Amino acid sequence: MLPQPVLIIGTYNADGTPNAMNAAWGGQWDAREIVISMGAHATTDNLNACGEFTLAFATQETMVASDFVGIVSAKNCPNKIQKTGWTAIKSDNVHAPVFADFPLTMECRIIRKIDESPEGYYIVAEIVNILVDENYLTPDGQPDVDQMHLITYNPISHTYMSLGYPLAQAFSIGKQLK
Ligand SMILES: Cc1cc2nc3c(=O)[nH]c(=O)nc-3n(C[C@H](O)[C@H](O)[C@H](O)COP(=O)(O)O)c2cc1C
Numbered sequence: 056m057l058p059q060p061v062l063i064i065g066t067y068n069a070d071g072t073p074n075a076m077n078a079a080w081g082g083q084w085d086a087r088e089i090v091i092s093m094g095a096h097a098t099t100d101n102l103n104a105c106g107e108f109t110l111a112f113a114t115q116e117t118m119v120a121s122d123f124v125g126i127v128s129a130k131n132c133p134n135k136i137q138k139t140g141w142t143a144i145k146s147d148n149v150h151a152p153v154f155a156d157f158p159l160t161m162e163c164r165i166i167r168k169i170d171e172s173p174e175g176y177y178i179v180a181e182i183v184n185i186l187v188d189e190n191y192l193t194p195d196g197q198p199d200v201d202q203m204h205l206i207t208y209n210p211i212s213h214t215y216m217s218l219g220y221p222l223a224q225a226f227s228i229g230k231q232l233k
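Here it is as structure tokens:
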């Protein structure tokens, strides 16, 4: 699939310290549910202990550290989150850290695991709540995605790309051919 999202999964390690990992193999499952293909990681252990997590959308500003959390495991790097420079705050709605450096974060709870094995599983999770930094709201209170500098993952060139700018209104622009 092209493009893929750059999602940062936030969980707590067994010792209570925050952890984060990068996930590009994910997307929408249903109106209020998301799906992620999970391998066997420290994050997977954390999710087995508690099925709650946060999901932040990576930005140009958080890109370097977002890649870092995707190539280094908390299993080998106890100060992983310290190295990102991110600020971890306890979520109000789920047992997971919210990283304040991201404009848009979803608080999620696993409702189903598919094809569970020692290598991992597919997570289906409900979106419990969505947090948006007040600086990234439109005047009518909607998330202002255009201002967030979100990045996507290109699985062909293995590069991060910027999301771009709006072109036209969906469910509308095509009406001119009706
Ligand atoms: C661009 C990118 C995308 C990734 N996508 C996924 C993914 O969708 N699922 C997955 O299990 N791991 C994915 N990874 C790998 C994990 O993020 C990586 O193994 C991480 O170090 C796990 O951290 P942890 O062991 O501290 O949980 C991705 C890594 C990168 C760099």
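Residue numbers (my numbering): 56 to 233. Built from N, CA and C at the ideal position, the CB exists for glycine as well. If you're wondering where the values come from, they're calculated on a predicted model, not measured in any experiment.
When the options are compared against residue i, the one with the closest alpha-carbon
i    : options                : result
N103 : L159, V119, Y67        : Y67
T72  : G82, I165, W80, K145   : K145
D122 : E107, G175, F108, K138 : K138
P58  : K233, Q224, N209       : N209
A95  : A143, I89, E171        : E171
M76  : W84, V149, K233, N101  : N101
R167 : I89, N74, A79, A78     : I89
V119 : C132, D156, V187       : D156
H213 : A79, D188, V124        : A79
P133 : G229, I228, N74        : N74
T99  : W84, K130, A86, R87    : K130
Sub-7 Å separation of residue i and residue j beta-carbons
i    : j    : result
A151 : S128 : no
M161 : I178 : no
V61  : T109 : no
P194 : L159 : no
M203 : T114 : yes
I185 : A111 : no
G81  : I165 : no
M56  : G175 : no
I206 : Y215 : yes
A180 : C163 : yes
Any non-hydrogen atom of ligand 1 closer than 6 Å to residue i Cβ
i    : result
A97  : yes
N131 : no
C80  : Going by the sequence as given, residue 80 is Trp instead of Cys. Flag set: Cβ of W80 near ligand 1.
S121 : no
Y208 : yes
S172 : no
S128 : yes
M76  : yes
M93  : yes
G196 : no
G106 : no
G219 : no
G229 : no
G71  : no
G65  : no
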